[in-house]
Each structure stands twice: as structure tokens, then as C-alpha cells.
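Student:
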Amino acid sequence: MPPVSVPTASTSPGALAALPGSSESPASALVQTTGPATLTAKAYGRGIKRTADGVIYTDANKMIAVHYAFYKPGGKKRRTVEEAEKNLKVARKTLYQWKKQFPLAAGQSQALPAGAVLTKAIGTIRERADADNLALFRTPGYAAPSTVSIRPDGLGPGAEAVSNATAIHPGFISPDLVEQLRKIDEKIGLTEAEKDTLAVRVDDDVSKAAEPFVSESVRLAVQTKLTSLEPGTVALWTPPQQRFLAFWKVLNRLNSSEDATVADEEPLVTEQKLVTFLNCYVLRKNPWLGHEGVDTNIKAITNLWQCQKLAGKNHHPSPREGLLVRAYLDAIARSRVALRELKYDDDYALTLRNGYGEDEFHSVYKWFLSQAVKQRPNAYRARLEFLWQHAIMGRAGDMRNAKLRHFYISELPQSEPQRCVAVVQSIFEGKTNKNGRPERGVVARAKEVVRCPVSALAFYLFERYHVREESPPDFSSRSEWYDDRLLIDPSIPATRTTGLTAEKQCVLL
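At position 482 of the sequence shown the residue is numbered 482 (UniProt numbering), and the sequence of numbers has no breaks.
1. Suppose you measure from the CA of T497 to the CA of V250; what does that come to, to the nearest Å?
2. Which whole-angstrom value is the C-beta distance of P438 and W388, which I expect to be below 8 Å?
3. Would you kindly work out how many angstroms separate the C-alpha atoms of M393 and K313, rounded to a whole number?
4. Find out if the Cβ-Cβ distance for the pair F137, K99 is shorter than 7 Å.
5. Take E480 and list the residues in its own chain whose beta-carbon comes closer than 8 Å to its own, dropping the five residues that flank it on each side.
6. In the DSSP assignment, find the unbroken beta strand (DSSP E) run with Y408 in it and report its ends.
7. Taking DSSP's pairing of strands, which residues face residue 517 in a bridge?
8. Who pairs with S426 in a beta bridge, going by DSSP?
9. Looking only at its own chain, which residues have a Cβ that is under 7 Å from the Cβ of K273, when we skip the five neighbours before and after it?
10. Kindly give me the distance between the Cβ atoms of I301 and P231, rounded to whole angstroms, as I take these residues to be in contact under 8 Å.
11. So, S410 versus A402, is the Cβ gap smaller than 7 Å?
12. On the DSSP bridge list, what partners appear for V269?
13. Return the bridge partner residues of N433 from the DSSP annotation.
14. Go through its chain and collect everything with a Cβ distance to F368's Cβ below 7 Å, but skip five positions before and after it.
15. Nearest CA to the CA of H316: which residue from V269, C307, A327, F361?
16. DSSP state of V507, grouped into three classes?
17. Within 10 Å of its beta-carbon, does N303 have 16 or more other beta-carbons around it, so buried, or fewer, so exposed?
18. Let me know the secondary structure DSSP gives S146 once reduced to three states.
19. Return the chain-ordered list of same chain residues with a C-beta closer than 6 Å to the C-beta of N61, the five sequence neighbours on each side being excluded.
20. Where does P73 land, buried or exposed, given buried means 16+ other C-beta within 10 angstroms?
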């Protein structure tokens with residue numbers, strides 16, 4: 001029987017169609033095929049990844065690399081992935097992709113039929129010494145084409161450039177630098193004093209007598225900037241900021257053993273430092289980090305730059321707006337597109353249908369009514385939140401921060417055959433509104449009563465002031481009712497002015 005060539009993600013359609021059962025994974029195709037324990041791949045044509053020094057990433061070479069990087073004889077690891085990455089000269093991301101493609105080469109236990117090609121191939125790899133496997137992997141699989149083999153018309157197998165999308169990607173680090181980054185990983189961390197220190201750099205033309213006033217005013221501006229953020233945002237941004245400062249402090253100390261002053265200075269945020277931090281730390285630690293995770297790190301470091309700018313220490317432009325950051329984000333986006341193709345991600349997840357349609361929406365608000373019939377606590381409140389947020393396209397915080405004084409009624413003109421009432425909500429505080437900017441959310445009556453947000457508001461207020469017999473607001477003066485919240489927790493006394501927490505808001509669900 002001739003040698004078997006295993007289809008990969010880059011195999012041409014013609015080669016894939018020539019193999020029976022080509023819709024299955026390469027490993028399963030090998031298991032079902034009997035014959036000589038050899039795996040070959042053509043060193044010419046399209047679809048085979050090759051490096052500049054002649055190494056061809058055939059399936060046999062991929063299994064050698066997976067065995068070399070991940071195999072644990074007796075449960076003991078021979079080397080770290082970083083060491084394998086350096087010796088094989090293959091990026092970590094690519095190694096993990098190959099591990100998913102050939103998990104049996106990594107030592108995952110699974111019974112294979114005797115005589116299968118994959119069984120013999122993996123057995124042969126395990127019989128060799130690691131040095132022999134490494135030498136075999138690094139052996140060039142082809143020589144550079146001579147001028148005689150080049151067609152006069154410029155066409156042929158070498159006419160198209162070979163894609164290197166899987167070789168270089170965001171988070172790629174040269175193996176020569178991986179060892180130095182491991183030293184940073186071991187020493188990274190800040191003391192509590194370093195975390196809380198806020199040094200202020202006063203302008204040169206400020207006198208000594210005026211320095212305390214300038215420092216105090218700048219600190220006040222920075223603290224005001226920090227306190228304007230939501231507690232959840234602060235908790236989300238603080239770890240990336242601390243890791244950024246620690247990363248650059250340790251990196252500066254690697255080559256600054258003689259100059260301790262340079263090593264202990266607070267790193268100033270710049271565009272180049274931000275991109276280096278993303279590439280050498282964030283994406284190296286987690287190559288699969290999504291767009292939201294990368295953007296969170298960028299926002300956190302940009303906020304750190306703003307604090308340094310307010311403190312008078314950083315005179316560099318905003319790192320978020322630079323061309324280098326934009327180019328790097330474009331590279332990440334292109335890499336994620338290639339990754340989606342490689343992983344066969346579900347494209348349905350990115351469509352408008354990936355949510356609830358009209359039927360599902362009907363089931364949701366009917367479910368809230370069924371919970372109210374069962375006399376579940378806060379069912380009317382939760383139904384109001386759902387319908388109202390859907391109507392104004394608002395966030396949960398828009399309802400959580402709402403007070404009774406933020407609502408008023410306006411009748412829509414020319415409404416026939418009966419009057420149509422709209423309820424207007426004034427929004428002065430939210431996730432993207434920290435300066436009291438007036439915003440409006442308008443909700444009109446719906447034709448179907450069970451899905452009407454105005455009806456849901458009426459049900460909730462009736463339950464609150466009539467069923468639970470809460471004392472109505474005192475409209476004699478503004479100070480008596482201006483602090484009353486719309487959404488309250490009836491199980492806790494005296495919550496008319498304190499409102500809800502995020503945990504209490506979603507208690508029904």
C-alpha cells in the first residue's frame with residue numbers, strides 16, 4: 001500500500017477529495033488506515049507550511065514536535081513548553097494547535113488498534129531519543145529551487161507566496177527572548193507601598209513655597225478622576241495597571257544592576273511600552289485572549305497614562321490613539337479571523353439570530369408574569385426591569401440608579417383613537433455618563449398589554465404602594481421624596497433612598 005498523506009487544515013481541496021473519509025480528523029483517518037508505518041507529505045505544491053531553513057511541517061513532524069513538547073513519561077515532564085519552543089523554533093501557539101490536532105502524540109491515553117499507522121508512527125517516535133527526534137524535526141525537507149526548475153512564464157508551484165499566518169502572530173516572541181521573559185515572570189509583583197504611591201512632578205517654574213499647594217491640587221485632581229470610575233471598573237483595571245508597572249520595573253532591572261536609580265523609577269506609559277506589554281506579557285500568557293480582554297488592558301493602561309498626565313509626569317501623547325497600537329490591533333484582528341477559520345468556529349454566533357426572537361421574547365415576559373402569579377418576591381420588579389431596559393436599550397445601572405423624580409408623563413399628540421401616554425426617564429448617571437449629562441429614555445404604551453413597559457411600571461407601583469402597603473411619597477417638599485428610588489429591596493427596611501445592589505437586582509434570575 002502506498003504511503004498515506006494526512007490532510008491538514010491547509011490541504012488543497014483536490015488532495016482532500018482524494019482521501020476517503022476526508023471529513024474526519026487527521027488522527028481518525030490514520031487510525032482507520034492500515035499499512036506501513038510511514039507518513040509522507042509532498043515537498044512541493046501548495047498548502048504545506050515550510051520555513052526559511054527548509055523545515056517542512058508535515059504531519060509526522062507535527063507529531064514529533066507535540067511529543068517533544070508535551071509527552072510526560074511516567075507523569076514527569078521532561079521540559080517546559082518555553083524550552084521546547086526555543087529548541088524547536090516553533091511558536092507556543094502553533095504547538096498547542098498541533099497538540100489539539102494530534103493529542104495522542106502528547107501521551108493522552110487511548111486504545112489504538114494494533115497495526116494502525118498512527119500507532120506505529122507514535123511508537124517509533126517514542127523509541128527515539130529526544131535529541132534524535134529534535135534533529136529529525138530540524139532536518140530540511142527540501143532544497144531551494146535552482147534557476148533551471150523555474151518556469152519561464154513565472155508560474156508553477158513556487159509562483160504564490162507561502163502564507164506565514166501561523167508562524168508569526170500577536171504574542172509571538174523570538175525563542176532567544178523567551179528565557180529573559182521567564183525571569184520577569186518569576187520576579188513580577190509590586191509592594192503595597194509601590195501600589196499606593198502617587199508621586200507628583202511639579203513644574204520647574206513653581207517656587208518651593210508653592211510646591212505643597214500644587215502637589216495637593218494635582219493629587220486632588222487625580223483622586224477625583226479615580227473616584228469617578230465605577231467600583232467594578234476600578235477592580236477590573238487595577239490588576240492590568242499593576243502588572244504593567246511591575247513588568248517594566250523588572251524589565252528595566254534586568255540590565256540596570258549598576259544604575260539602581262533607573263531601575264526604581266516609575267515607568268511612564270508610552271505607546272511602545274503598551275504594545276510591548278501586550279505582546280510580551282498579555283498575549284504571550286494567553287494567546288487566545290479575545291478582543292474584549294485586549295481592549296480592557298488597553299483601557300486600563302490608558303487610564304494609568306491619564307493619571308500620570310494629570311500628575312505632570314508624563315508628557316507623551318495618548319498611547320491608545322497612536323498608529324502603532326492601531327496597527328497592532330489590526331494584526332490581532334487578522335489573527336483572530338485566521339484562528340476562527342482554523343478552529344471552525346460557529347459563524348451563527350455572529351449573526352442577528354444569536355439572541356432571542358419574537359417568540360422567545362414573548363416567552364420571557366410571559367415567564368415573568370408566571371412568577372408573579374406564583375407570588376415570587378420581586379417578580380413585578382424584575383418584569384419591569386426587563387421590559388423597560390429593552391424599550392430604552394439601557395443598562396441595568398440605568399434602572400438601578402433611577403429615582404422617582406426622574407420620571408414624568410407626556411401624552412403623544414395626534415394619538416388616535418384613544419390617548420397614548422409616554423413615560424420619559426431622565427438619566428443623569430451611568431457607565432458612560434459620569435458628568436451628569438442629561439439623557440432621555442422614552443417608553444410608549446404597547447398594543448399588547450402583557451409586553452407593555454408602561455403597564456409593567458403600573459403593576460410594579462401598584463404592588464409596591466397598595467399590595468405591600470408602603471407609605472406613598474410625601475410631595476409636600478422636594479427634600480421629602482427627591483431621594484426615593486424607583487427600584488428597592490422590600491426585604492430590607494429603610495431602602496427607599498439606598499436602592500439596590502447589582503446582586504440584589506438579579507436575585508429572581
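C-beta: ideal position from N, C-alpha, C; glycine also. A quick note: this is a predicted structure, and the numbers were derived from the prediction, not measured.
Tutor: Here's the rundown:
1. Straight-line measurement puts the Cα of V250 at about 48 Å from the Cα of T497.
2. Taking C-beta atoms under 8 Å as the contact rule, P438 and W388 fail to qualify, at a distance of about 18 Å.
3. Straight across, the Cα-Cα distance linking M393 with K313 is about 40 Å.
4. Taking 7 Å as the Cβ cut-off, F137 and K99 do not qualify as a contacting pair.
5. For E480, the CB contacts under 8 Å within the same chain, skipping 5 residues up- and downstream, are P473, D474 in chain order.
6. Its beta strand (DSSP E) spans residues 407-411.
7. Since the first residue of the chain shown is 1 and the last is 509, residue 517 is not available in this structure.
8. DSSP lists R440 as partners of S426.
9. Hits under 7 Å: W248, P267.
10. Not quite, the Cβ-Cβ distance comes to about 20 Å (not below 8 Å), so this is no contact.
11. The answer is no: Cβ separation not under 7 Å.
12. Answer by DSSP bridge pairing: none, since V269 is not bridged.
13. The partner list for N433 (beta bridge, DSSP) reads G430.
14. Around F368: A379, A382, R383, F386.
15. Nearest C-alpha to H316: V269.
16. DSSP places V507 in the coil class of the three-state scheme, outside both helix and strand.
17. With 16 or more other Cβ atoms inside 10 Å of its own Cβ, N303 counts as buried.
18. With a pLDDT of only 39 at S146, under 50, the local geometry of the prediction cannot be trusted, and no value is derived from it.
19. Taking N61 as the centre and dropping the five residues before and after it, the same chain places the C-beta of F137 closer than 6 Å to its C-beta, in chain order.
20. Exposed is the call here.
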